[in-house]
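**Student:** According to numbering that gives the first Met the number 0, the sequence shown is numbered sequentially starting from 0.
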Amino acid sequence: MLSLLVFFFVLVITLPLDAAENRDFVDISELDGSLILDIRYATSRNFTGKVMYPVVRCLLRRDAALRVIRVEQKLRTQGYRLIIFDGYRPLSVQKKFWNILPDERYVADPGKGSRHNRGAAVDVSLGDLAGHALAMPSDYDDFSEKAHRDYSGASGEAQRNCALLEAAMREEGFDPFPTEWWHFDAPGWERYPVSDFSLEEFKGENCDVTQKRKD
Ligand SMILES: [Zn+2]
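Set out below in structure tokens:
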């Protein structure tokens with residue numbers, strides 16, 4: 000009985016810190032503390048109407064994070080800022096989304112996994128240099144044709160902003176998602192596995208219990 004208890008105790012303390020699972024992830028704010036985060040799933044301002052993340056954090060695969068930072072740097076020289084809505088999303092949260100809205104047009108099937116679950120997709124918008132959100136064709140998580148990239152009913156200003164954001168993201172290799180103006184896949188997303196560690200337990204770059212950082 001005691002050995003069984005010890006076994007479960009070890010299982011509980013080792014599972015969330017699985018070394019391989021969150022290797023190569025970074026907290027993008029540790030790389031650039033000036034980035035604007037508006038993590039909607041850490042608020043109720045999202046399609047679920049509920050707080051789904053316990054912390055305001057954007058984790059991404061290192062390569063994707065560096066690309067986002069380069070986009071931000073270029074946009075600043077043009078008088079704009081990136082506003083980040085979402086990055087890595089734990090698979091367990093994806094399952095909750097699916098339970099609320101089991102429709103693959105709007106939510107990725109957790110059986111297949113979202114590119115967000117791989118830390119290789121980012122949801123972003125555009126702000127001015129002061130960080131104020133600029134006009135876009137729809138609000139975030141608007142699952143209507145207003146969010147489609149080919150929607151022509153938005154104001155000229157919103158269409159220009161949307162095109163500017165898309166061009167800046169494409170320049171860094173991101174692939175725009177046709178039905179969500181805010182969603183971009185990082186190049187090589189398919190080589191990353193789906194992950195399910197929680198946002199709050201991530202301890203920093205290359206969080207890996209088998210390799211203590213030397214610096
Ligand atoms: Zn997305």
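Every residue, glycine too, gets a C-beta built ideally from N, C-alpha and C.
Which whole runs of the alpha helix (DSSP H) in the region 47-83 are 4 residues long or more, in chain order?
**Tutor:** 61-76, all fully within the region 47-83.
**Student:** Out of curiosity, what's the CA-to-CA distance linking F196 and F46?
**Tutor:** For this step, residue 196 is matched to residue 197 along the sequence shown. For this step, residue 46 is matched to residue 47 along the sequence shown. Straight-line Cα distance between these residues: approximately 23 Å.
**Student:** List the DSSP bridge partners of V193.
**Tutor:** Along the sequence shown, read from residue 1 onward, the residue named residue 193 stands at position 194. According to DSSP, V193 bridges with nothing at all.
**Student:** Alpha carbons only, please: which of A107, G86, S194 is nearest the one belonging to F96?
**Tutor:** Within the sequence shown, residue 96 is the residue found at index 97, counting from 1. That would be A107, whose Cα lies nearest to the Cα of F96.
**Student:** Grab the span of the alpha helix (DSSP H) containing V92 for me, first residue to last.
**Tutor:** Taking the sequence shown and counting its residues from 1, one reaches residue 92 at position 93. Taken as a continuous stretch (DSSP letters only), the alpha helix (DSSP H) holding V92 covers 90-99.
**Student:** State yes or no: is the C-beta of W181 within less than 9 Å of the C-beta of V123?
**Tutor:** The sequence position of residue 181 within the sequence shown is 182, counting from 1. The sequence position of residue 123 within the sequence shown is 124, counting from 1. Against a cut-off of 9 Å, the Cβ pair of V123 and W181 comes out as a contact.
**Student:** Taking 8 Å as the cut-off, does the CB of F96 come closer than this to any heavy atom belonging to ligand 1?
**Tutor:** Here residue 96 corresponds to residue number 97 of the sequence shown, with the count starting at 1. Answer for F96: no, Cβ out of range of ligand 1.
**Student:** Assuming L133 and N160 make a contact with CB atoms under 8 Å, what is their CB distance in whole Å?
**Tutor:** Your numbering for residue 133 matches position 134 in the sequence shown. Your numbering for residue 160 matches position 161 in the sequence shown. That belief holds up - the Cβ atoms of L133 and N160 are roughly 5 Å apart, short of 8 Å.
**Student:** Work out the CA separation of A185 and L81 for me, nearest whole Å.
**Tutor:** The sequence position of residue 81 within the sequence shown is 82, counting from 1. The sequence position of residue 185 within the sequence shown is 186, counting from 1. Computed Cα separation, rounded: 16 Å.
**Student:** Entirely within the region 148-205 and at least 4 residues each: give me those alpha helix (DSSP H) ranges in chain order.
**Tutor:** Segments of the alpha helix (DSSP H) lying fully in the region 148-205: 155-170.
**Student:** Just the Cα atoms here: how many angstroms apart are A18 and V121?
**Tutor:** Walking along the sequence shown from the start, residue 18 turns up at place 19. Walking along the sequence shown from the start, residue 121 turns up at place 122. The pLDDT assigned to A18 is 44, lower than 50, so where the model puts this residue is not dependable; a value taken from the coordinates is nonetheless given after this. Cα to Cα, the separation comes out at about 24 Å.
**Student:** Give the range of the beta strand (DSSP E) segment to which L125 is assigned.
**Tutor:** Residue numbering aside, residue 125 sits at position 126 when the sequence shown is read from its first letter. It spans 120-127 - the beta strand (DSSP E) in which L125 sits, taken as one unbroken run.
**Student:** Cβ-heavy atom distance between V55 and ligand 1 below 8 Å?
**Tutor:** Residue mapping note: residue 55 aligns to position 56 of the sequence shown, counting from 1. It does not: the Cβ of V55 is nowhere closer than 8 Å to a heavy atom of ligand 1.
**Student:** If you reduce the DSSP assignment to three classes, tell me which class A134 lands in.
**Tutor:** In the sequence shown, the residue the question calls residue 134 occupies position 135. Correct three-state label for A134: coil.
**Student:** Could you name the residues of the same chain whose beta carbon sits closer than 6 Å to that of F176, not counting the 5 residues immediately before and after it, in chain order?
**Tutor:** Along the sequence shown, read from residue 1 onward, the residue named residue 176 stands at position 177. Correct list, in chain order: H182.
**Student:** Roughly how many angstroms lie between the CA atoms of L128 and R75, to the nearest whole one?
**Tutor:** Your numbering for residue 128 matches position 129 in the sequence shown. Your numbering for residue 75 matches position 76 in the sequence shown. The straight-line gap from Cα to Cα measures roughly 7 Å.
**Student:** Compute every distance between the C-beta of E179 and the non-hydrogen atoms of ligand 1, then say whether any falls below 8 Å.
**Tutor:** One-based indexing of the sequence shown puts residue 179 at position 180. Yes, Cβ of E179 sits closer than 8 Å to a heavy atom of ligand 1.
**Student:** Please classify I35: does DSSP put it in a helix, a strand, or coil?
**Tutor:** The sequence position of residue 35 within the sequence shown is 36, counting from 1. Residue state, collapsed to three classes: strand.
**Student:** CA-CA distance, K73 and I35?
**Tutor:** Taking the first residue of the sequence shown as 1, we reach residue 73 at position 74. Taking the first residue of the sequence shown as 1, we reach residue 35 at position 36. Looking at the two C-alpha atoms, the distance is approximately 15 Å.
**Student:** Compare the C-alpha of Y105 against each of Y139, A41, F173, R117 and name the closest.
**Tutor:** Translated into positions along the sequence shown, residue 105 becomes position 106. Looking at the Cα atoms, Y139 is the closest of the given residues.
**Student:** Considering just the uninterrupted stretch of the beta strand (DSSP E) at F142, what are its terminal residues?
**Tutor:** Locating residue 142 in the sequence shown gives position 143, counting from the first residue. Run containing F142: none; DSSP gives neither H nor E here.
**Student:** Which stretch, first to last residue, makes up the beta strand (DSSP E) that contains V25?
**Tutor:** The residue given as residue 25 occupies position 26 in the sequence shown. Per DSSP, V25 belongs to the beta strand (DSSP E) from 24-26.
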